[in-house]
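Note that numbering that gives the first Met the number 0 numbers the sequence shown so that position 171 is 170, with each residue one more than the last. In this text, a Cβ means the ideal position worked out from N, Cα and C, and glycines have one as well. Since the model is a prediction, treat every value here as computed from it, not as a measurement.
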Amino acid sequence: MSTVFVTGTGTDIGKTFVVARLLQIMRRNGFDARAIKPVVSGFDPGKAAVSDPGLLLSAMGGAISPDAIHAISPFRFAAPLAPDLAAPKEGRRLSVAEIVAFCRAKIAESKGPLLIEGVGGVMSPIANDGTGLDVIKALKIPAALVAGTYLGAISHALTAVSAIRSAGVDLRVVGVNESEGGSIGLGLTIESLRRFLPGVEVQGIRRGAGHADFARFAGACGFAVRPT
Ligand SMILES: Nc1ncnc2c1ncn2[C@@H]1O[C@H](COP(=O)(O)OP(=O)(O)O)[C@@H](O)[C@H]1O
Ligand SMILES: [Mg+2]
Numbered sequence: 000m001s002t003v004f005v006t007g008t009g010t011d012i013g014k015t016f017v018v019a020r021l022l023q024i025m026r027r028n029g030f031d032a033r034a035i036k037p038v039v040s041g042f043d044p045g046k047a048a049v050s051d052p053g054l055l056l057s058a059m060g061g062a063i064s065p066d067a068i069h070a071i072s073p074f075r076f077a078a079p080l081a082p083d084l085a086a087p088k089e090g091r092r093l094s095v096a097e098i099v100a101f102c103r104a105k106i107a108e109s110k111g112p113l114l115i116e117g118v119g120g121v122m123s124p125i126a127n128d129g130t131g132l133d134v135i136k137a138l139k140i141p142a143a144l145v146a147g148t149y150l151g152a153i154s155h156a157l158t159a160v161s162a163i164r165s166a167g168v169d170l171r172v173v174g175v176n177e178s179e180g181g182s183i184g185l186g187l188t189i190e191s192l193r194r195f196l197p198g199v200e201v202q203g204i205r206r207g208a209g210h211a212d213f214a215r216f217a218g219a220c221g222f223a224v225r226p227t
């Protein structure tokens, strides 16, 4: 079964929201869909339920326990900083090779679609020796990009797409996630991105979009589902 890396143009853009909705629609269609979020910073065990791994476990219909969190997010750091800065604060180091090895093991054992959520944006440092894009490249898996509709979002999206393409990564879809109070608007942002990205699948995600809205998005990622 296929694996897709869900990356974004930056932090708080909606990666976890999108992954959770994709998990829900795929599971409602009978897929044993799972997600991992290998690296998490700003992790507070006291607030596990609202952490990214906690939200992903809930979307998979599973209980939130320390073991369950460790199984999908083994590299957790307390400081709310990029991992290359958060790890040394705990006297630790993290390498791209360790992240890639964990993802490969999860890909090997997965029986259904597997989604991998990155950290921050496409080229945010994910380890002390590399960015999220280095992990996607090493895994040789397709990517989905989550972008926004705030002022400046188009440049961020085009820059991210350019970096993904230069790395030879198969970009399945750009999900334009309507930013809270976004100034440009969803329709105009999609129109502009489609004009500048011929041949790239660009889809809109409304604020508060329910899982049924993600059937097309899942399809673009390579998972054929009905909007149930
Ligand atoms: N389309 C949306 N509709 C409603 N809330 C959203 C939407 N996209 C993101 N959010 C909210 O915005 C916040 C940031 O999104 P999140 O998925 O955590 O971003 P990321 O994983 O990229 O850091 C979360 O509270 C999330 O629930
Ligand atoms: Mg997230």
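Rounded to a whole number of angstroms, what is the C-alpha to C-alpha distance between residue 128 and residue 204? Position 129 of the sequence shown, counting from 1, holds the residue named residue 128. Position 205 of the sequence shown, counting from 1, holds the residue named residue 204. So the alpha carbons of these two residues sit roughly 33 Å apart.
Assign residue 42 to buried or exposed, taking buried as 16 or more other Cβ atoms, counted over all protein chains shown, within 10 Å of its Cβ. For the purposes of this step, residue 42 is taken as residue 43 along the sequence shown, with counting starting at 1. Buried, because 16 or more other Cβ atoms sit within 10 Å of the Cβ of residue 42.
Over what stretch of residues does the beta strand (DSSP E) that includes residue 5 continue unbroken? Counted from its first residue, the sequence shown places residue 5 at position 6. Per DSSP, residue 5 belongs to the beta strand (DSSP E) from 2-7.
Return the residue from the list 79, 72 and 148 that minimises the CA-CA distance to residue 191. Looking up residue 191 in the sequence shown gives position 192. Among 79, 72 and 148, the Cα nearest to that of residue 191 belongs to 148.
Who are the near neighbours of residue 211 in its chain, counting only those whose CB is closer than 8 Å to its CB and skipping five residues on each side? For the purposes of this step, residue 211 is identified with residue 212 of the sequence shown, where counting begins at 1. Contacts found: 24, 226 and 227.
Could you please go through the chain and list the residues whose beta-carbon is closer than 5 Å to any non-hydrogen atom of ligand 2? 14, 15 and 51
Taking contact to mean 3 or more Cβ pairs, one atom from each stretch, closer than 8 Å, check whether the region 29-45 and the region 76-95 are in contact. yes
Any 3 or more C-beta pairs closer than 8 Å across the region 27-34 and the region 117-136: no
Which residue marks the beginning of the beta strand (DSSP E) containing residue 174, and which one marks its end? In the sequence shown, counting from the first residue as 1, residue 174 sits at position 175. That run of the beta strand (DSSP E) goes 170-176.
First and last residue of the alpha helix (DSSP H) that includes residue 179? Residue 179 sits at position 180 when you count from the first residue of the sequence shown. No alpha helix (DSSP H) holds residue 179; DSSP gives it neither H nor E.
Whole beta strand (DSSP E) runs in the region 67-93 with 3 or more residues, listed along the chain? You should have 74-76.
Give the C-beta separation of residue 114 and residue 5 to the nearest angstrom, bearing in mind that I take them to be a contact with Cβ-Cβ under 8 Å. For the purposes of this step, residue 114 is taken as residue 115 along the sequence shown, with counting starting at 1. For the purposes of this step, residue 5 is taken as residue 6 along the sequence shown, with counting starting at 1. Indeed they touch by this definition, with Cβ atoms about 6 Å apart.
Buried/exposed call for residue 178, threshold 16 Cβ in 10 Å: Start at 1 with the first residue of the sequence shown, and residue 178 comes out as number 179. Classification for residue 178: buried.
Three or more C-beta pairs closer than 8 Å, one from the region 62-73 and one from the region 140-160: is that the case here? no
Enumerated in chain order, which unbroken segments of the alpha helix (DSSP H) with a length of 4 residues or greater are wholly contained in the region 143-172? For secondary structure counted as the alpha helix (DSSP H) over 4 or more consecutive residues, the region 143-172 holds these complete runs in sequence order: 152-165.
In three-state DSSP terms, what is residue 44? On the sequence shown, position 45 is the one that residue 44 refers to. Helix.
Please say whether residue 89 and residue 18 have beta carbons closer to each other than 9 Å? The residue you call residue 18 lines up with position 19 of the sequence shown. The residue you call residue 89 lines up with position 90 of the sequence shown. Note that the C-beta distance between residue 18 and residue 89 is not below 9 Å.
For residue 57, I'd like the list of residues in its chain whose CB is within less than 8 Å of its CB, leaving aside the five on either flank, ordered along the chain. Numbered from 1 along the sequence shown, position 58 holds the residue referred to as residue 57. Excluding sequence neighbours, residue 57 sits near 19, 48 and 63.
If you draw a straight line from the C-alpha of residue 174 to the C-alpha of residue 87, how long is it? Translated into positions along the sequence shown, residue 174 becomes position 175. Translated into positions along the sequence shown, residue 87 becomes position 88. So the alpha carbons of these two residues sit roughly 34 Å apart.
Buried or exposed by the 16-neighbour rule on C-beta atoms within 10 Å, applied to residue 195: Numbered from its first residue, the sequence shown carries residue 195 at position 196. Residue environment: residue 195 is assigned as exposed (fewer than 16 neighbouring CB atoms within 10 Å of its CB, all protein chains considered).
Just to confirm my understanding: we take residue 186, look at its own chain, exclude 5 residues before and 5 after, and list those with CB closer than 6 Å. What are they? By 1-based counting over the sequence shown, the position of residue 186 is 187. Result list for residue 186: empty, nothing under 6 Å.
Please specify which runs of the beta strand (DSSP E), each continuous and at least 3 residues long, are wholly inside the region 110-141, giving them in chain order. 113-116 and 124-126
Proximity to residue 16 [Cα-Cα], best of 61, 145, 94 and 81: Stepping through the sequence shown from its first residue, residue 16 is reached at position 17. Of the candidates 61, 145, 94 and 81, the one whose C-alpha sits nearest the C-alpha of residue 16 is 145.
Could you check whether the Cβ of residue 11 sits closer than 8 Å to any heavy atom belonging to ligand 1? Taking the sequence shown and counting its residues from 1, one reaches residue 11 at position 12. Yes, since a heavy atom of ligand 1 falls inside the 8 Å radius drawn around the Cβ of residue 11.
Straight-line Cα distance separating residue 100 from residue 159: The sequence position of residue 159 within the sequence shown is 160, counting from 1. The sequence position of residue 100 within the sequence shown is 101, counting from 1. So the two alpha carbons sit approximately 25 Å from each other.
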